[in-house]
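Numbering follows this note's numbering, in which position 37 of the sequence shown is assigned residue number 471; successive positions increment by one, without gaps. Beta carbons: idealized from backbone N, C-alpha and C, even for Gly.
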Amino acid sequence: MKPKNKIVLVKNLVRLLLVVLALQSCARVNNKKVTSAPANDDTSSLPAHATPLTPEEISRYKRLVSNHLDSTLNKTRFNGSVLVAKNGQIVYEEYAGFVDPRTKRDSITPTTPFHLASVSKTFTGMATLRLWEEGRLNVEDPVSKYLPGFPLEGVTVRLLLNHRSGIPKYDHYMGEMGWDKHKMISNQDVLDFLIANHQKIPIGTPNRGFSYSNTNYALLALIIEKVSGLSYKDYLKKTFFDPLGMKDTYVFTLADSARYMPSFYYSNREYRFEFLDAVYGDKNIYSTVRDLLKWDQALQTEGFFKKATLDQAYAGYSFEKPGTHNYGLGWRMYLLKNGKKLIYHNGWWHGNRTSFYRMTDENATIIALANNDCRYVYKVKEMADIFGDYMQKHKRYDDDEPTQVAHVQKPVKRRSHATAYKKKSTSRRSTAKK
435 MKPKNKIVLV
445 KNLVRLLLVV
455 LALQSCARVN
465 NKKVTSAPAN
475 DDTSSLPAHA
485 TPLTPEEISR
495 YKRLVSNHLD
505 STLNKTRFNG
515 SVLVAKNGQI
525 VYEEYAGFVD
535 PRTKRDSITP
545 TTPFHLASVS
555 KTFTGMATLR
565 LWEEGRLNVE
575 DPVSKYLPGF
585 PLEGVTVRLL
595 LNHRSGIPKY
605 DHYMGEMGWD
615 KHKMISNQDV
625 LDFLIANHQK
635 IPIGTPNRGF
645 SYSNTNYALL
655 ALIIEKVSGL
665 SYKDYLKKTF
675 FDPLGMKDTY
685 VFTLADSARY
695 MPSFYYSNRE
705 YRFEFLDAVY
715 GDKNIYSTVR
725 DLLKWDQALQ
735 TEGFFKKATL
745 DQAYAGYSFE
755 KPGTHNYGLG
765 WRMYLLKNGK
775 KLIYHNGWWH
785 GNRTSFYRMT
795 DENATIIALA
805 NNDCRYVYKV
815 KEMADIFGDY
825 MQKHKRYDDD
835 EPTQVAHVQK
845 PVKRRSHATA
855 YKKKSTSRRS
865 TAKK
């Protein structure tokens, strides 16, 4: 081969190699993650009470968050979105994977809404308190005042809110007590079944202790509808989503089946719809990390809600057992010995795993959403120590619903959904699947 031809061949090979490397780089981005942060001078959307961060502060927070995620969440098959904010200003956000991780189509973006699972309870709780704030209901009223036929004496609206009603989980007992699993359950069905079968259901004494139950929040959704005269979906849209500019947030109903985001086992096998999937109030709100930041900021200070309302929501109501865990009105919390309070809610429904952590003293927020059963979503809580002394780094919590020990996940054969339900019903701590 002539020297000139050799030079041309080498140049062509170099060009081809560069193209291949570029394509591989794109593939890695599309298959794993896209990380972005707003411009350092982007403070246009900050709430009035917030102090803008300096470029140095943003850089520091981004580095600390990135280091933590690279050693935890990003080592897994995480398929979802993460956002961390300080003073209402985004310091880190990440969008990893695809709406359908099997086909690798439709990349997850800032406008991709995820099923929030039990994080939905924060909206139900605050919607109930908005009606209380307006004088349209009293949280000390018996539930029977708003839901005719409700059979349990001594159960108030407040006891639904703080999970002290004694009513167990409809998602456990309805299927076990003869409900046709080929028929979707509605919120009204939850109430009617309770009315018809309350003597057979193992119901505890009201206000004797904390017992996390999705039934409480399914019933609260019915109360919201009764008092407001609107559907739960329309009430939340009118009262929260539209005023706060939460454009990518909605309450799922069966009419939304064509646009909902599916969820998956960690092995990428898809969860199928089941008879429990139409009930709302306890779950079934879809949202994005950016919309949840708007929700967080609306709840940071008096304005969107009165201070007395926030004080009610963020107070602990269960002290019969010593410990740091407690529950307010729609919110979980850690009440730490050093006086710090970490306000949060996690969620788990099918393959949807969600975390929403709020450090209100520092106006800092950590949000992570996944649709592929990635338990490491709950480890984002450890980043609370970036902003204050929340005593999280040294602990290996997997504090979802219910609490489990976090392990490195491997693609393994999964138990059936029914078997998982039975095992969780024997959990040493009364929490929920979501």
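- The beta carbons of P585 and I635 sit no closer together than 7 Å.
- Under the three-state reduction of DSSP, F739 is assigned to strand.
- Closest in C-alpha terms to E816, from the list F557, T485, H502, S493, comes H502.
- Where N786 is concerned, there is no enclosing alpha helix (DSSP H), although the beta strand (DSSP E) around it starts and stops at 786 to 793.
- A buried status is given to P547, since no fewer than 16 other beta-carbon atoms sit within 10 Å of its beta-carbon.
- Bounds of the alpha helix (DSSP H) holding N501 are 489 to 505.
- Under the three-state reduction of DSSP, N631 is assigned to helix.
- For H759, the enclosing beta strand (DSSP E) has its first and last residue at 759 to 761.
- Judged by DSSP secondary structure, K520 falls within the beta strand (DSSP E) whose first and last residues are 514 to 520.
- Here the segment 573 to 589 does not lie against the segment 693 to 700, with fewer than 3 beta-carbon pairs under 8 Å apart.
- Looking at the DSSP output, H779 sits in a beta bridge with F790.
- Per DSSP, the continuous beta strand (DSSP E) segment holding F532 begins and ends at 532 to 534.
- The residues A561, R564, in chain order, have a CB closer than 7 Å to that of T673 in the same chain once the five nearest residues on each side in sequence are set aside.
- Annotation: the continuous alpha helix (DSSP H) that includes T562 extends over 554 to 567.
- If you keep only unbroken alpha helix (DSSP H) runs of at least 4 residues inside the segment 648 to 729, you get 648 to 662, 666 to 670.
- The residues T683, in chain order, have a CB closer than 6 Å to that of F675 in the same chain once the five nearest residues on each side in sequence are set aside.
- The alpha-carbon separation between E567 and M767 amounts to approximately 22 Å.
- L507 is positioned such that its CB atom lies closer than 7 Å to that of Y810.
- CA-CA distance, G785 to A802, rounds to 14 Å.
- Residue environment for L688: exposed (fewer than 16 other C-beta atoms within 10 angstroms of its C-beta).
- By the CB criterion at 7 Å, Y651 and K555 fall inside the cutoff.
- For K660, same chain residues with a beta-carbon under 8 Å away, outside a window of 5 residues either side, are Y580, L581 in chain order.
- In this structure, the straight-line span from the alpha carbon of L664 to that of S789 is close to 29 Å.
- Contact check for W783 against K740 fails: the beta carbons are separated by 7 Å or more.
- For D540, the uninterrupted beta strand (DSSP E) run begins and ends at 539 to 541, by DSSP.
- Closest in C-alpha terms to T743, from the list K520, I524, G559, comes G559.
- The Cβ atoms of N702 and R536 sit closer than 7 Å to each other.
- In chain order, G600, S645 place their CB closer than 7 Å to the CB of G638, counting only its own chain and leaving out the 5 sequence neighbours on each side.
- Per DSSP, the unbroken alpha helix (DSSP H) holding Y607 starts and ends at 604 to 610.
- The shortest CA-to-CA distance from S515 to any of L733, Q633, I657, G531 is the one to G531.
- The beta carbon of W729 sits closer than 6 Å to none of the beta carbons in its chain outside the five residues before and after it.
- Straight-line measurement puts the Cα of Q826 at about 22 Å from the Cα of E528.
- E796 sits in coil when the DSSP states are folded into three classes, being neither helix nor strand.
- When the Cα atoms are used, D605 and L733 turn out to be separated by approximately 30 Å.
- Counting other Cβ atoms within 10 Å of its Cβ, R787 reaches 16 or more and is therefore classed as buried.
- The continuous stretches of alpha helix (DSSP H) do not include L733, and DSSP gives it neither H nor E.
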